[in-house]
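J.:
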């Protein structure tokens with residue numbers, strides 16, 4: 003005989019759940035222990051190493067018996083180096099910069115795309131949705147590689163762009179270092195990132211736009227608004243949730259991208275993911291790499307916290 | 212209808228251009244896999260030799276086999292952990308450390324894989340230094356994939372669980388089912404479909420994973436994406452094109468078949484419900 | 029006001045209180061059900077009736093009080109150990125099981141052998157007339173059919189008490205009357221005691237043999253439907269059930285048989301004295317259908333009569349609703365049955381008319 007308790011204080015039946023008593027300990031416990039062991043603990047390890055000194059092969063211990071007493075050998079120097087060294091600072095800023103550019107471009111291309119998808123005939127929409135999802139299921143490694151094929155010299159996209167003379171314009175704008183070299187440039191990097199993350203922007207936008215009540219738009223037009231005005235004053239504000247969700251889904255992972263800069267980027271596009279890799283595997287500098295990782299986490303947490311706050315407020319609102 | 216004619220034309224054009232942008236690179240890559248030329252981008256003639264070469268490409272095949280094994284284990288583990296976590300979050304409104312738990316469960320979704328991979332690697336190496344295990348290899352890659360996979364699985368299953376009407380479980384209790392029976396006989400069948408979706412999702416993610424595998428692999432444990440990455444880094448490689456084409460075809464067929472089956476099931480359901488309402 | 033508990037009540041709700049964080053959802057409710065009756069708890073949403081039902085079912089625990097079924101306290105017993113079953117408002121049929129398996133679910137949990145389960149399920153499906161749909165899944169059934177499955181399922185374990193949560197709520201109007209009759213018929217055939225909650229007056233009054241009006245967690249009145257309708261115990265109950273005219277009144281004189289009251293709107297009301305109630309009479313309740321309207325004054329225009337002007341007239345098919353404007357400024361609602369298809373003698377809009385009623389019509393209220 004187990005006991006049943008109300009799990010919520012609101013008297014609405016929809017939130018009532020019946021606890022399973024002893025079983026509950028396992029249901030919560032197993033994943034909890036797993037996460038603490040393999041997520042939280044490593045996180046703490048990274049924090050610890052980021053303030054340790056580096057030994058020859060492994061970091062030195064933080065707590066050390068010295069002269070009969072326990073001493074903490076911490077070193078915040080790595081974090082100071084972050085701010086001082088242009089490579090680190092530059093890569094961090096660059097990561098944010100490229101993530102922002104990618105997000106904006108994805109929004110510019112993706113919003114109309116999702117909008118028109120939502121406006122298409124109802125019977126066709128599932129097919130369109132599947133077609134958008136298809137690239138998502140194809141490994142993004144392969145997708146980045148595909149662009150490598152297109153933009154390398156002899157690639158037909160490369161020939162097309164150079165043939166049209168667009169490369170001189172792009173070089174002038176700073177998108178590529180010199181006319182004729184389209185690969186391993188900021189241009190190829192952004193193209194690759196936008197290409198990879200576009201479905202991530204389209205899907206939440208489509209989700210919001212397809213649920214939009216058309217009658218609201220009809221009401222607006224009935225009251226005298228032109229389609230253009232209706233779009234900016236009604237449709238866009240109402241799809242705000244989708245815009246923010248899509249932007250977060252693109253911006254946050256872009257900051258930490260490693261593969262796309264690796265395949266499509268060049269020396270001017272060094273991003274923080276690659277720097278961490280280099281510090282760890284080439285310099286064997288664990289504390290440096292860890293400090294960079296901590297910085298990257300902070301860079302990601304801030305927009306994430308804002309997003310969560312927005313989500314929470316959005317949910318409370320209509321109540 | 213409020214769509215004006217110009218509007219509709221613009222829509223079609225944008226969608227067409229968008230889909231072209233999405234699919235042309237892939238199609239181009241696939242086409243060049245049949246290119247009979249050592250220089251990948253110059254078309255010389257049609258050939259299947261790159262595909263034939265794949266058959267004897269031991270490194271790639273070994274990588275594929277390893278990836279499939281890891282993906283299968285990841286998917287199974289992720290679904291188990293994900294189901295537990297989803298239940299913990301949806302069913303138990305108040306327990307100590309719930310916010311921390313919720314944060315940890317969803318963090319891998321947004322945390323860059325570089326960070327997760329790094330932290331896991333450093334921890335495992337430190338562990339290896341002190342107690343000798345584990346060796347970097349299949350096990351460590353699996354752990355990393357499982358961590359991320361669990362986050363996705365939890366999201367998918369949790370969404371379904373939250374939508375489950377509580378009346379169903381109350382009805383089961385009312386009819387004499389004990390709590391664990393309610394779980395096995397009512398709750399689980401109802402979330403079964405989402406568990407399957409979660410399985411497929413984590414399977415695919417594990418199969419495609421590069422960064423985590425890169426951090427956590429060891430000698431002899433090279434997954435297929437890692438093989439492809441190392442080759443792609445060096446330059447364009449028709450063998451990669453061939454492998455990529457096969458993968459795209461496999462995924463395409465899988466998605467199409469799944470989509471068709473789901474659509475068909477939905478349609479039949481709707482028809483039955485409509486027929487019942489008329490009866 | 030709690031009635032004295034009678035020995036041998038089938039279900040007794042004793043001083044049950046339920047509070048959520050300080051708000052009282054159920055406030056010291058006392059109820060008794062006798063075996064075999066259909067009892068309805070009527071109230072608007074939020075009045076606590078569903079909470080009370082869920083406490084009887086076992087999905088909520090009372091903050092204090094006892095729930096005695098045949099003398100045995102249910103509090104503390106989990107739902108799967110209580111000898112009662114509930115039919116949910118949403119039916120809550122298991123979507124992945126067939127009709128047959130749904131109905132047999134409870135029997136399987138009770139450990140009944142499969143052959144017996146099959147016979148029992150067959151009998152139940154026959155009872156609700158769904159035998160040919162045994163293999164269907166819930167989504168392949170219409171709303172009415174789903175309800176019958178839910179009913180069969182809740183009766184499968186032969187519960188001592190059947191709980192119904194808004195049984196007709198999910199059905200459309202036309203289906204409601206047929207279903208209501210069938211439902212009552214089946215319940216009576218099976219002979220199970222039934223406690224139902226509803227916000228629909230018609231549902232409560234037509235299905236139940238006794239009912240209680242509930243408001244803000246308290247029981248206001250318990251009685252048979254006609255007792256509650258014809259002899260409401262308070263203004264609130266009178267107003268809650270059906271339509272009513274409520275007139276503030278003062279007692280002028282009393283005799284053994286009658287009260288003589290004066291109101292602002294109707295000069296002299298003569299009402300038959302009902303059973304003794306506590307308190308001073310201060311209100312007269314008059315149901316619209318008890319009021320006669322005519323162009324000519326009644327025999328005794330000074331008593332139980334008033335003259336006014338027809339301000340509104342609404343034709344409702346089987347009856348016509350009138351709003352009569354009185355000299356005092358108040359509006360008297362009257363309802364006339366359209367007995368004669370071509371009646372021309374009814375007062376028209378804007379006309380003066382006399383409203384009059386017998387001395388058995390007014391109900392004198394003390395609160």
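Protein chains in written order, with this note's numbering: chain V, 3 to 321; chain L, 212 to 490; chain X, 29 to 395.
Glycine is no exception: its CB is placed at the ideal position from the N, C-alpha and C atoms.
Just so we're clear, the structure is a prediction, and the values are computed from it rather than from any experiment.
1. Going along the chain, which residues of its own chain have a beta-carbon closer than 6 angstroms to the beta-carbon of residue 37 of chain X, five neighbours each way excluded?
2. Buried or exposed: where does residue 228 of chain L fall if 16 or more other Cβ atoms within 10 Å of its Cβ makes it buried?
3. Ignore the nearest five residues each way along the sequence and tell me which others in residue 261 of chain V's own chain have a CB closer than 8 angstroms to its CB.
4. Distance, Cα to Cα, residue 390 of chain X vs residue 115 of chain X?
5. If you draw a straight line from the alpha carbon of residue 482 of chain L to that of residue 176 of chain X, how long is it in whole angstroms?
6. Nearest to residue 265 of chain L by alpha carbon, out of L/446, L/298, L/415, L/438?
7. Going along the chain, which residues of its own chain have a beta-carbon closer than 8 angstroms to the beta-carbon of residue 193 of chain X, five neighbours each way excluded?
8. Give a yes or no on whether the minimum CB-CB distance between residue 483 of chain L and chain X is below 7 angstroms.
9. Please state whether DSSP places residue 393 of chain X in a helix, a strand or coil.
10. What does the alpha-carbon distance come out to for the pair residue 346 of chain L and residue 443 of chain L?
11. First and last residue of the alpha helix (DSSP H) that includes residue 331 of chain X?
12. For residue 48 of chain X, does the three-state DSSP call read helix, strand or coil?
13. Only counting the same chain, and skipping five residues up and downstream in sequence, which positions put a Cβ closer than 8 angstroms to that of residue 29 of chain X?
14. Interface residues of chain V around residue 424 of chain L at Cβ under 7 angstroms?
15. Indicate the three-state DSSP secondary structure (helix, strand or coil) for residue 350 of chain X in the structure shown.
16. Under a CB-based cut-off of 7 angstroms, is residue 139 of chain V close to chain C?
17. Determine, using beta carbons only, whether residue 188 of chain V comes closer than 7 angstroms to chain L.
18. State yes or no: is the beta carbon of residue 113 of chain X nearer than 7 angstroms to at least one beta carbon in chain L?
19. Should residue 126 of chain X be flagged as near chain L, meaning a C-beta pair shorter than 7 angstroms?
20. Less than 6 angstroms between the CB of residue 132 of chain V and some heavy atom of the ligand ADP, yes or no?
21. Quick one: which unbroken alpha helix (DSSP H) runs of 4-plus residues sit fully inside the stretch 309-333 of chain L? Chain order, please.
22. Residue 307 of chain X versus chain L: which residues are under 8 angstroms apart at the beta carbon?
23. Which of helix, strand or coil does DSSP assign to residue 56 of chain X?
24. Take every Cβ of the stretch 200-209 of chain V, pair it with every Cβ of the stretch 266-273 of chain V, and state whether three or more of those distances are shorter than 8 angstroms.
25. Identify every run of the alpha helix (DSSP H) within the stretch 151-224 of chain X, keeping only runs that are complete inside it and at least 4 residues long; order them along the chain.
26. What does residue 38 of chain X touch in chain L if you count any residue whose Cβ is under 8 angstroms from its own?
27. Exposed or buried, what is residue 216 of chain X when buried is set at 16 or more other beta-carbons lying within 10 Å of its beta-carbon?
28. Shortest alpha-carbon distance to residue 210 of chain V belongs to which of V/124, V/28, V/116?
29. Candidates X/185, X/160, X/282, X/360: which alpha carbon is nearest residue 173 of chain X's?
30. Could you compute how far the alpha carbon of residue 313 of chain X sits from the alpha carbon of residue 382 of chain X?
31. Confirm, please, whether the CB-CB distance from residue 48 of chain V to residue 292 of chain V is below 7 angstroms.
32. Locate the alpha helix (DSSP H) running through residue 299 of chain L, then write down its first and last residues.
33. Counting pairs of beta carbons, one from the stretch 29-43 of chain V and one from the stretch 307-318 of chain L, are three or more of them closer than 8 angstroms?
34. So if DSSP puts residue 310 of chain V in a beta bridge, which residue, or which two residues, is it bridged to?
35. Distance, Cα to Cα, residue 9 of chain V vs residue 147 of chain X?
36. Going along the chain, which residues of the stretch 203-219 of chain V sit with their C-beta nearer than 7 angstroms to a C-beta in chain L?
T.: So, from the data block:
1. Within its own chain, the residues whose Cβ lies closer than 6 angstroms to the Cβ of residue 37 of chain X, once the five positions on either side in sequence are excluded, are 60, listed in chain order.
2. Classification of residue 228 of chain L: exposed, given that the 10 Å Cβ count is below 16.
3. 142, 143, 146
4. Residue 390 of chain X and residue 115 of chain X: Cα-Cα distance of roughly 39 angstroms.
5. 22 angstroms
6. L/438
7. If we look at residue 193 of chain X and ignore the five residues flanking it on each side, its Cβ neighbours are 78, 81, 114, 115, 116, 117, 224, 225.
8. yes
9. strand
10. Taking the straight line from one Cα to the other gives about 27 angstroms.
11. Premise fails: residue 331 of chain X is in no alpha helix (DSSP H) and is neither H nor E.
12. strand
13. Confidence at residue 29 of chain X is low in this model, with a pLDDT of 44, below 50, so the placement of that residue should be treated as unreliable; the coordinate-derived value is given next. For residue 29 of chain X, there are no CB contacts under 8 angstroms within the same chain when 5 residues up- and downstream are skipped.
14. Within chain V, no C-beta atom comes nearer than 7 angstroms to that of residue 424 of chain L; the closest sits roughly 11 angstroms away.
15. Three-state result, residue 350 of chain X: strand.
16. Given the protein chain composition of this structure (V, L and X), no chain C is represented.
17. no
18. Judged by the 7 angstroms Cβ criterion, residue 113 of chain X is in contact with chain L.
19. It does not: the Cβ of residue 126 of chain X has no partner Cβ on chain L nearer than 7 angstroms.
20. The ligand content of the structure shown is nil, which means the ligand ADP is not present either.
21. Counting only runs that start and end inside the stretch 309-333 of chain L, the alpha helix (DSSP H) elements of at least 4 residues fall at 309-321.
22. Under the 8 angstroms cutoff, chain L gives no residues; its nearest Cβ is about 43 angstroms from residue 307 of chain X.
23. If DSSP states are grouped into helix, strand and coil, residue 56 of chain X belongs with the strands.
24. no
25. 171-183, 201-218
26. Those do not exist, as residue 38 of chain X stays about 19 angstroms from chain L at its closest Cβ, beyond 8 angstroms.
27. exposed
28. V/116
29. X/160
30. For residue 313 of chain X and residue 382 of chain X, the gap between their C-alpha atoms comes out near 18 angstroms.
31. yes
32. 269-302
33. yes
34. Its beta-bridge partners do not exist; DSSP assigns none.
35. Residue placement at residue 9 of chain V is poorly supported in this model, since its pLDDT is 36, which falls under 50; the coordinates still yield a value, given next. Whole-angstrom Cα-Cα distance: 40 angstroms.
36. 219
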